[in-house]
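Here the sequence shown is numbered in this note's numbering, starting from 51 and rising by one per residue.
Ideal placement from N, C-alpha and C gives every residue a C-beta, glycine not left out.
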Amino acid sequence: MAVFVAFVGGIAWLFNAYLGGQPGMFYGVLVGALVYALITYYAGSRLALAVNGAREIHKQDNPRLWRIIENLAITDGLPMPRIYVIDDPAPNAFATGRKPANAAVCATAGLLDIMDDNELQGVFAHELGHVKNYDIRVSMVAFALTAVISLIADIILRMTWFRGGGNSERDEGGQALMLLGIVAAILAPIVATMIQLAVSRQREYLADATGVLTTRYPEGLISALEKIGRYGRPLRHQNTATAHLFFANPLRAHSLASLFSTHPPIEDRIKRLRQMGSHA
């Protein structure tokens, strides 16, 4: 995150220099991006549940799932989250909510079908780990920084093409700044996205570790990951905007979006969990 903030600062400095030291336009873009991020932050949970076709359930609808999540919430000292189910055969789950008081967890029908109680406990200890660690908040900060960088880069690129050819641009310094602006405008969104994905992957490892500390039984989560490795499939209705929320990558393995996966490889997650178990 520190590297991310430093990167934003560098792009902001370049943008300000490109405008000739006129900060007004830059601050306008910055405020606009932050307002957009805040709207997404507060409405994101409802949108994530809606676009994935999740329906809320109650205790009588699935006592087994309700009991597992209720016990985990008590163990973690968290409020009982709302529980949702997606009618999809792909085994997966996700959690959302900007803070524990308004958290929600969701399971697919496929996950409930293939997992035993210990494995389900491991999966939802991981998901509640995201809630406990405020990972939705962290991911939204990363999203906001990415949005700012992308907007600034886009404006620099457009200004490069449409800016007039005055004397200040024909001198050597102006030409160098223009070239630097073009390079930054092309590379900045890519670099920002890669940093955002790196943050997301680290939060997945952290949620795995938090879940194991809750259950004191790494084998449950390891077994769940192994099953998803064997039987996992993409969701029928895929959405790249919410892919980072899921327990495992919900996108097609060979799609372009999977090249920028928000999830570390399942094999690496299992390896780290086994190392935790060996030191327990």
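The three-state secondary structure of T146, taken from DSSP, is strand.
By the beta-carbon neighbour count (other beta carbons within 10 angstroms, threshold 16), R253 is buried. Taking C-beta atoms under 8 Å as the contact rule, V58 and V198 qualify, at a distance of about 6 Å.
Per DSSP, Y281 is not a residue of any beta strand (DSSP E); the alpha helix (DSSP H) it occupies stretches across P268 to Y281. Your pair H180 and A257 checks out as a contact, with CB atoms roughly 5 Å apart and the cut at 8 Å.
Taking a contact to require three or more Cβ pairs closer than 8 Å, the segment 269 to 278 and the segment 170 to 190 qualify as touching. Ranked by Cα distance from D166, the options Y134, R114, I320 and D126 are led by R114. Around the C-beta of Y134, 16 or more other C-beta atoms lie within 10 Å, and the residue is accordingly described as buried. Looking at L64, I320, L99 and G60, the one whose alpha-carbon comes closest to that of Q288 is L99. In this structure, the CA atom of I236 is about 14 Å from the CA atom of F65. The beta carbons of I61 and A234 sit about 6 Å from each other, so the pair counts as a contact at 8 Å. F296 sits in a strand when the DSSP states are folded into three classes.
Taking the C-beta atoms as reference points, A298 is found nearer than 9 Å to P141. Below 8 Å, enough C-beta pairs join the segment 147 to 158 and the segment 125 to 134 to call them touching: three or more.
The secondary-structure analysis by DSSP pairs E106 across a beta bridge with Y134. For T125, the enclosing alpha helix (DSSP H) begins and ends at P113 to D126. Between L178 and L247, the CB-CB gap reaches or exceeds 9 Å.
Within the same chain, and ignoring the five residues on either side of A145 in sequence, the residues whose Cβ sits closer than 6 Å to its Cβ are V155, E177, H180 and V181. Taking C-beta atoms as the reference points, S95 and S189 fail to come closer than 9 Å. Ranking I124, G261 and L301 by CA distance to the CA of R319 puts G261 first.
Taken atom to atom, the span from the alpha-carbon of D111 to that of R105 is near 11 Å. Here A93 carries a helix assignment [DSSP, helix/strand/coil].
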